[in-house]
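Residue numbers (the UniProt record's numbering): 1 to 217.
The C-beta atom is built at its ideal place from N, Cα and C for all residues, glycine as well.
Below is one structure, written out as structure tokens, with a few remarks after it.
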């Protein structure tokens, strides 16, 4: 009988270009886990909240196409299946650069050091800002990224408070991203410029290249 770490419940896997963060524009193979215990108002992958199909880690690794050097584990919330995710990262990290994107509310303690962590800190516009994201800050590396998704001015001010109060720019790399279709990128850009905020503003590149509602990109 397979042990817990032998399988992962997945929503989908696909090859595309990385749409966000410091790896934006690079060829990337995405492994999207199924299941999420957050209900962010602006979530664009709500189809991954439930369901999914179990896959063996062997099959997942074998399914990575040739010519790929970058793999992202995303969700859903990958850390709902933390032990299996850790095992998968261990198998992948000898051959691939591995990104893991997490909602930030579950502990990242114990993830393999080779993991490039992209950790969301949820803001009021998500309806999930009440979680204790600060508990994860001690486990971040300088090479990791914190992402703030901004829906409005209140979200921006909340992100600015997080950055200033916790001196996040001294901890790791910082990203701010406008909620697609809800806030003008030019507004967010102007606020960042006015405050000299030490962040990288980003747009969701995949939504500019393809239809914003298209899956598998």
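Residue i vs residue j beta-carbon contact at 8 Å
| i | j | result |
| --- | --- | --- |
| residue 176 | residue 201 | yes |
| residue 25 | residue 17 | yes |
| residue 166 | residue 140 | no |
| residue 6 | residue 56 | yes |
Endpoints, alpha helix (DSSP H) assigned at residue i
| i | result |
| --- | --- |
| residue 157 | 153 to 166 |
| residue 87 | 82 to 92 |
Reference residue i, options the options, closest by Cα
| i | options | result |
| --- | --- | --- |
| residue 146 | 131, 162 and 152 | 162 |
| residue 20 | 72, 52 and 12 | 72 |
| residue 183 | 150, 93 and 172 | 150 |
| residue 13 | 23, 31 and 22 | 31 |
| residue 143 | 90, 185 and 171 | 171 |
| residue 106 | 59, 134 and 191 | 134 |
| residue 65 | 74, 23, 47 and 95 | 95 |
| residue 116 | 110, 101 and 109 | 101 |
Close Cβ partners of residue i (< 7 Å) along its chain, the five nearest in sequence each way excluded
| i | result |
| --- | --- |
| residue 37 | 77 and 80 |
| residue 1 | With a pLDDT of only 40 at residue 1, under the threshold of 50, the placement of this residue in the model should not be trusted; the figure read from the coordinates follows. Taken in chain order, the list of residues that qualify is empty. |
| residue 41 | 125, 126 and 127 |
Residues of its chain near residue i, where Cβ-Cβ distance is below 8 Å and the 5 sequence neighbours each way are ignored
| i | result |
| --- | --- |
| residue 129 | 122, 123 and 158 |
| residue 189 | 201 |
Residue span of the beta strand (DSSP E) that contains residue i, given as start and end
| i | result |
| --- | --- |
| residue 72 | 70 to 74 |
| residue 48 | Premise fails: residue 48 is in no beta strand (DSSP E) and is neither H nor E. |
Sequence-distant residues of its chain with Cβ nearer than 6 Å to residue i (five each side left out)
| i | result |
| --- | --- |
| residue 227 | With the chain represented from 1 up to 217, any question about residue 227 goes unanswered, as that position is not in the structure. |
Identified DSSP bridge partners for residue i
| i | result |
| --- | --- |
| residue 98 | 71 |
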